[in-house]
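*Asks:* The structure follows.
Protein chains: 2
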Amino acid sequence: MSSFNPDDTLKLSNQLCFPLYASGKEITRKYKPFLDKLGITYTQYIVLMVLWEKDHVSVKEIGERLYLDSGTLTPLLNKLLSKGYISKKSLPSDNRELIISLTKKGLELKKEAYAIPPQISREVKLTKEEAQELYRLLYKVLEGFKDE
Amino acid sequence: MSSFNPDDTLKLSNQLCFPLYASGKEITRKYKPFLDKLGITYTQYIVLMVLWEKDHVSVKEIGERLYLDSGTLTPLLNKLLSKGYISKKSLPSDNRELIISLTKKGLELKKEAYAIPPQISREVKLTKEEAQELYRLLYKVLEGFKDE
DNA sequence: ACTAAATAAATTGTATACAATCTAATTTTT
DNA sequence: AAAAATTAGATTGTATACAATTTATTTAGT
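Those protein sequences? They're chains U and F, same order as listed.
Numbering-wise (our numbering), the first sequence opens with residue 13 and increments by one.
Numbering-wise (our numbering), the second sequence opens with residue 13 and increments by one.
This is how it looks when you write it as structure tokens:
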């Protein structure tokens, strides 16, 4: 019978946080070789994914979708702007809001991105059922964080 | 019957990568208020966790354990050094290796860290079974990445 | 023993992240 | 309507991350 040892709670192997942190970091690293070919980073890629799904959105909405704040998004959007993938214009009805839109070049990049997700999936060694369960649990964690 | 639409693969909601990335980011953010009280960051905390579990390890071993490279660890270890939590000395049998050890202050910090994991667990709205399954799946992802 | 290859950290350069603060614009209160 | 509160982005400062390169040391091959 093993009794409770407070030391155990501080072992990496007993923490959910560490594998979450590490797998998040490692999976984005897996994207790098593919995204390098497109000349964008992972964070730039997910910003474009938001826009590919729904064009003309505010910085605030992008941030809410991706859990990123303006300190990250402002310089990142400037990079996407200078690369010619997006354009900015302020919302006439509320000049505080900055609306981000895809340029033709930004929209065309989507075609090149199609091939990436299946290649990443292949590197994730999970069955379809496991991947679905992981997906469900991760969103449950994320949703749970929103409350407090 | 819905036919396959290549657009769907590029939706955030269809990607495992995004919730991995986001939950990793968000859970470390949850640690911040607790770690602020100790005056350390999340990455510094997991480096200390490695040392609390096994003292006197090389930079390389810390990096392997945490999936971090020297570009991240070197400046971070210098911060822990200047805060007085660790000491450095090179391995006599191989001067390339830098051995990191806890100071008394670094060891004592462990007592203050005990209380943190249970408080984070409380914010993760998963049942014990779900948390275990998530843990298993995340490590399966991480292990799968090691191969290639 | 001597050179080539390999290894461990440090360094350099680029790109996030995010808290905290600031600024401008809009809304709410009074 | 004027003042106060709120909101959206931008800015500032600190701390990761990591690829690529460099340096010092060690090991392997001849």
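Here a beta-carbon is modelled for each residue, glycine too, at the ideal position from N, C-alpha and C.
What are the residues in the segment 23-41 of chain U lying within 7 Å of chain F by C-beta distance?
*Replies:* Under the 7 Å Cβ criterion, the segment 23-41 of chain U contributes 23, 24, 27, 28, 29, 30, 31, 32, 33, 34, 35, 36, 37, 38, 39, 40.
*Asks:* Assess, as a yes-or-no matter, whether the segment 151-160 of chain U is touched by the segment 34-53 of chain F under the definition of 3 or more beta carbon pairs within less than 8 Å.
*Replies:* Yes, they touch.
*Asks:* Please report the residue range of the alpha helix (DSSP H) in which residue 72 of chain F lies.
*Replies:* Its alpha helix (DSSP H) spans residues 71-78.
*Asks:* Can you tell me whether residue 89 of chain F is helix, strand or coil according to DSSP?
*Replies:* If DSSP states are grouped into helix, strand and coil, residue 89 of chain F belongs with the helices.
*Asks:* Measuring only the C-alpha atoms, how far is residue 108 of chain U from residue 102 of chain U?
*Replies:* Approximately 7 Å, taken between the alpha carbons.
*Asks:* Consider the Cβ of residue 51 of chain U: report whether some Cβ of chain F lies at a distance smaller than 9 Å.
*Replies:* No, no contact with chain F.
*Asks:* Whose C-alpha, out of U:57, U:46, U:52, is nearest the C-alpha of residue 135 of chain U?
*Replies:* That would be U:46, whose Cα lies nearest to the Cα of residue 135 of chain U.
*Asks:* Please list, in chain order, the chain F residues whose beta carbon lies closer than 7 Å to that of residue 59 of chain U.
*Replies:* Chain F residues near residue 59 of chain U: none, gap ~11 Å exceeds 7 Å.
*Asks:* Looking at the C-beta of residue 120 of chain U, does it have a partner C-beta in chain F at a distance below 9 Å?
*Replies:* Residue 120 of chain U does not count as touching chain F.
*Asks:* Can you check DSSP and say which residues form a bridge with residue 100 of chain F?
*Replies:* Its beta-bridge partners are F:112.
*Asks:* What are the residues in the segment 83-106 of chain F lying within 9 Å of chain U by C-beta distance?
*Replies:* Here the close residues number zero.
*Asks:* What does the alpha-carbon distance come out to for the pair residue 97 of chain U and residue 117 of chain U?
*Replies:* Rounded to the nearest angstrom, the two C-alpha atoms are 5 Å apart.
*Asks:* So which of F:31, F:71, F:91 has the shortest CA-CA distance to residue 53 of chain F?
*Replies:* Among F:31, F:71, F:91, the Cα nearest to that of residue 53 of chain F belongs to F:91.
*Asks:* By the three-class DSSP mapping on this structure, what secondary structure does residue 106 of chain F have?
*Replies:* Of the three classes helix, strand and coil, the one that applies to residue 106 of chain F here is strand, per DSSP.
*Asks:* For my contact list, residue 145 of chain F and residue 149 of chain U are in at a C-beta cut-off of 8 Å; report their separation, rounded to the angstrom.
*Replies:* Their Cβ separation, rounded to whole angstroms, is 7 Å, which keeps residue 145 of chain F and residue 149 of chain U in contact under 8 Å.
*Asks:* Does the ligand NAD have even one heavy atom less than 8 Å from the beta-carbon of residue 112 of chain U?
*Replies:* For the structure depicted, the ligand NAD is absent and the ligand set is empty, with no information on it obtainable.
*Asks:* Does residue 67 of chain U come within less than 9 Å of chain F when only Cβ atoms are used?
*Replies:* No, residue 67 of chain U lies away from the interface with chain F (no Cβ there is under 9 Å from its Cβ).
*Asks:* Are at least three pairs of beta-carbons, each pair with one atom in the segment 111-126 of chain F and one in the segment 59-74 of chain F, less than 8 Å apart?
*Replies:* Segments in contact, yes.
*Asks:* Any chance you could list the alpha helix (DSSP H) runs of at least 4 consecutive residues sitting entirely within the segment 120-156 of chain U, in chain order?
*Replies:* Complete alpha helix (DSSP H) runs here, min 4: 128-135.
*Asks:* Are the CB atoms of residue 49 of chain F and residue 132 of chain F nearer to each other than 9 Å?
*Replies:* Cβ distance not < 9 Å, so residue 49 of chain F and residue 132 of chain F don't count as in contact.
*Asks:* Establish whether the CB of residue 164 of chain F and some CB of chain U are separated by less than 9 Å.
*Replies:* Given that chain F is displayed from residue 13 to residue 160, the structure contains no residue 164 of chain F and the question cannot be resolved.
*Asks:* Can you tell me whether residue 27 of chain F is helix, strand or coil according to DSSP?
*Replies:* Coil at residue 27 of chain F, not helix or strand.
*Asks:* Taking DSSP as the reference, what is the three-state secondary structure of residue 66 of chain F?
*Replies:* DSSP places residue 66 of chain F in coil when its eight states are reduced to three.
*Asks:* Strictly under 9 Å for the Cβ-Cβ distance: is residue 70 of chain U near chain F by that measure?
*Replies:* No, residue 70 of chain U does not count as interfacial toward chain F.
*Asks:* Please tell me whether residue 111 of chain U has its Cβ less than 9 Å away from any Cβ of chain F.
*Replies:* No, residue 111 of chain U does not count as interfacial toward chain F.
*Asks:* Under 9 Å, do residue 64 of chain U and residue 127 of chain U count as touching if we go by C-beta distance?
*Replies:* No; because the gap between Cβ atoms is not below 9 Å, this pair is not in contact.
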